[in-house]
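> Here it is, the structure in full.
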Amino acid sequence: MNEESKQKISQFVDGDLDQAEAISLLKEMYSSPELLEKYNRYQAIGHALKNDAFLVTSSDFSARVSQQIEAEPTIIAPQPKSNFFMLYQKPCALAASIAIVAVLVHWREPNTIATNPSALLSSPLALSAIGHQLPAAPVVSAPTDQQQPVTPRIHQYLQAHNSSIYSPDATELKRLNQVAYSNKKQP
Amino acid sequence: MKTPFLLIAIILPTSSLAADEPPDGKQILEKMAHAMHSLNYQGTVAFVRGGKLDTMAYYHATQNNIEQERMSSLNSPLREITRQSGRVSHLYPATGIHMTEERPFEDSFLLNIPKRIGELEAYYSVNVLDDDEKVALLPAYAIELKPKDQLRYSRKIWIEKNNSLPVRTETFDVTGQQVEEMSFTKLEIKDKLPILNAMEQWHGLAEDKRICAYKTKIVDFATAPFTADQLPPGFHVLFFTQRTLKPSDQPVNHLIIGDGLSFVSIYLEHSQSNTANYQSNGVQTIGSVRFYSQPLDNYDLTVMGEVPEETISLIANSIKLKTDKH
């Protein structure tokens, strides 16, 4: 992988690459696992900077998930008798779904894809247009099994417990946004 | 006439041996506890708790038996905390909030340590890990306070050799994972530092900007609607107060217990919906604090502190309602 490719991935993640270059880079990434891994790393760094906690997945995470899905047994349900409506049900539903997705994508991000090519990665419709599978985004998760937000009462208790650490400021609640718990023990 | 020479011959080897003796951890800690209260010093302190970093400007001044400790945050939200004569004042310049509370059981924002180190010996072993470490380029002793059971956290304290001040502390849970760290990044010893009026800045605010959030007063624990007779070994009652916490106006019973190094808060208030979401989740963690909530008859009980999960559970189980109080 050359420096130019790395630079382009970085620009791509930052949304600084124009559309033609982005599509060219995407094609390059699909044929190069090394580039894909680099892209995943840059995305993970971006997530880590925006969030307090994240879990880094291994580079073959998406491949292993795909393998597991493929290994799942296929469930064959009994076929109902076909009629005129059911004959056209699937194509109609597919067409309706595509129309809804197209409307939603246009409504949500009419300019995003043009101005920010990295948004291609979060837009299934746009990606299907270039006919490739998406690289897996890193799983963003908390470091503990289960988390829930701190209630204002618990925040007040923390503040009364150690007022030199926990302030009554509302921003403090945002800072202490998660509480981790385990079900290991009950007193 | 031979006696003086003989005396010198005996003294010299003895004093040479004394200089080579490893320093005694307990004596170093006692010297530190004294220095923390008697010296004037200021600097910048970084606190890391639960992976979050807070950097504060720190001042400690002492004059005519009055001791004042102040911390000002260097990052938003700005706040200033002052401790003087067992009273802690908080000022939030942006919101105009001012709070005062009585906390006579605490001595320092930096490190809780009893004046009589001997009190700790039943539950902690004091070891000198290294007598030649450097913290912020200052030569320091590294002292370990290792618990003798699984009911408390272990600590390492780096004590600067020249002035015996703590320049760094680390707290570890029972698995050896660090839960808290305090470290001076800059420290100056001064002959004199002024004792400031903590309220000056607050009075400078326009009257409509001043909010006095709450004041707490110590109450006799005998008036509490509960008892805490079966506390884990080493923990004893330090302080009891009844305060109102918004939005309800009903009093919240707040008991603080400690073992000399760690404090645990016990809250009891008439049941509301605030703890209902937590009651089935076991002991929970936020930053370096663990807590547990459960209903207790028609009350909600919450136990919270920088102690292991097992200790929180034992304390929660030791709380019993007085039969004539509910």
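Chains as they are written, first to last, in my numbering: chain A, 1 to 187; chain B, 1001 to 1326.
Every residue gets a Cβ at the ideal spot worked out from N, C-alpha and C, and that includes glycine.
(1) Taking only beta-carbon atoms, is A160 (chain A) less than 7 Å away from chain B?
(2) Taking only the alpha-carbon atoms, compute the straight-line gap between H1236 (chain B) and G1260 (chain B) and give it to the nearest angstrom.
(3) What span of residues does the alpha helix (DSSP H) with A160 (chain A) cover, start to end?
(4) Is the shortest distance between the beta-carbon of Q11 (chain A) and the beta-carbons of chain B less than 7 Å?
(5) What is the DSSP secondary structure of P1104 (chain B), counted as helix, strand or coil?
(6) For chain A, is any of its Cβ atoms less than 7 Å away from the one on T1302 (chain B)?
(7) Whole angstroms is fine: what's the gap from T1227 (chain B)'s alpha carbon to N1162 (chain B)'s?
(8) Quick one: Cα of I1312 (chain B) to Cα of S1293 (chain B), how far?
(9) Going by C-alpha distance, which of B:I1266, B:G1287, B:V1219, B:E1309 is nearest E1101 (chain B)?
(10) Which one or two residues does DSSP pair with N1253 (chain B) in a beta bridge?
(11) For E1096 (chain B), which of helix, strand or coil comes out of DSSP?
(12) Would you call the stretch 1103–1123 of chain B in contact with the stretch 1146–1159 of chain B, where contact means no fewer than 3 C-beta pairs closer than 8 Å?
(13) Which residues in chain A sit within 9 Å of E1101 (chain B), going by Cβ to Cβ distance?
(14) Please classify P1295 (chain B): is it buried, with 16 or more other beta-carbons within 10 angstroms of its beta-carbon, or exposed?
(15) What did DSSP end up calling L1193 (chain B) once you bin it into helix, strand or coil?
(16) Grab me the residues of Q1284 (chain B)'s own chain with a C-beta within less than 8 Å of its C-beta, minus the 5 sequence neighbours each way, in chain order.
(17) Would you list the one or two residues that DSSP bridges to Y1124 (chain B)?
(18) Please report whether the beta-carbon of A20 (chain A) lies at a distance below 7 Å from any beta-carbon of chain B.
(19) Considering only residues of the same chain and omitting the five flanking positions on each side of T1003 (chain B), which have a CB-CB separation below 7 Å?
(20) Between B:I1066, B:A1222, B:G1282, B:L1268, which lies nearest to I1195 (chain B) when the distance is taken from Cα to Cα?
(21) At least one CB of chain B closer than 7 Å to the CB of Y42 (chain A): is that the case?
(22) Does the beta carbon of H1254 (chain B) sit closer than 7 Å to a beta carbon anywhere in chain A?
(23) Please report whether the beta-carbon of S1265 (chain B) lies at a distance below 7 Å from any beta-carbon of chain A.
(24) Might you give, ordered along the chain, the residues of its own chain that have their beta carbon closer than 8 Å to the beta carbon of D1132 (chain B), omitting 5 neighbours on each side?
(25) Leaving out the 5 sequence neighbours to the left and right, which residues in its chain are closer than 7 Å to P1077 (chain B) when beta-carbon positions are compared?
(26) Suppose only complete runs of 4+ residues qualify. What are the alpha helix (DSSP H) ranges in the stretch 3–30 of chain A, listed by chain order?
(27) Would the beta-carbon of L1029 (chain B) fall within 7 Å of that of I1117 (chain B)?
(28) Put Y42 (chain A) into one of helix, strand or coil per three-state DSSP.
(29) Thinking C-alpha only, which one of B:K1320, B:V1048, B:T1302, B:R1087 is nearest Y157 (chain A)?
(30) Could you tell me whether any Cβ in chain A is nearer than 7 Å to the Cβ of A1228 (chain B)?
(31) Pull out every residue of the stretch 1075–1104 of chain B whose Cβ sits closer than 9 Å to any Cβ of chain A, in chain order.
(32) Indicate the three-state DSSP secondary structure (helix, strand or coil) for S1085 (chain B) in the structure shown.
(33) Per DSSP, L950 (chain B) forms a beta bridge with which residues?
(34) Answer yes or no: do F1184 (chain B) and V1048 (chain B) have a C-beta to C-beta separation smaller than 7 Å?
(35) Would N1064 (chain B) pass as a contact of K1192 (chain B) if the rule is Cβ separation under 7 Å?
The structure says:
(1) yes
(2) 9 Å
(3) 152–161
(4) no
(5) coil
(6) yes
(7) 46 Å
(8) 10 Å
(9) B:V1219
(10) B:Q1242, B:L1268
(11) The question names Glu, but residue 1096 (chain B) in the sequence shown is Gly. Three-state DSSP puts G1096 (chain B) in coil, outside helix and strand.
(12) yes
(13) A160, S163
(14) exposed
(15) coil
(16) Y1278, R1290, F1291, Y1292
(17) B:P1147
(18) no
(19) At T1003 (chain B), the pLDDT of 44 sits below 50, so the modelled position is not reliable; the number obtained from the coordinates is stated separately. Correct list: empty, nothing qualifies.
(20) B:I1066
(21) no
(22) yes
(23) yes
(24) P1139
(25) Y1092, A1094
(26) 3–14, 19–30
(27) yes
(28) helix
(29) B:T1302
(30) no
(31) S1076, P1077, R1079, I1081, R1083, V1088, H1090, Y1092, A1094, T1095, I1097, M1099, E1101, R1103
(32) coil
(33) Here chain B has residues from 1001 to 1326 only, and residue 950 (chain B) is not among them.
(34) no
(35) no
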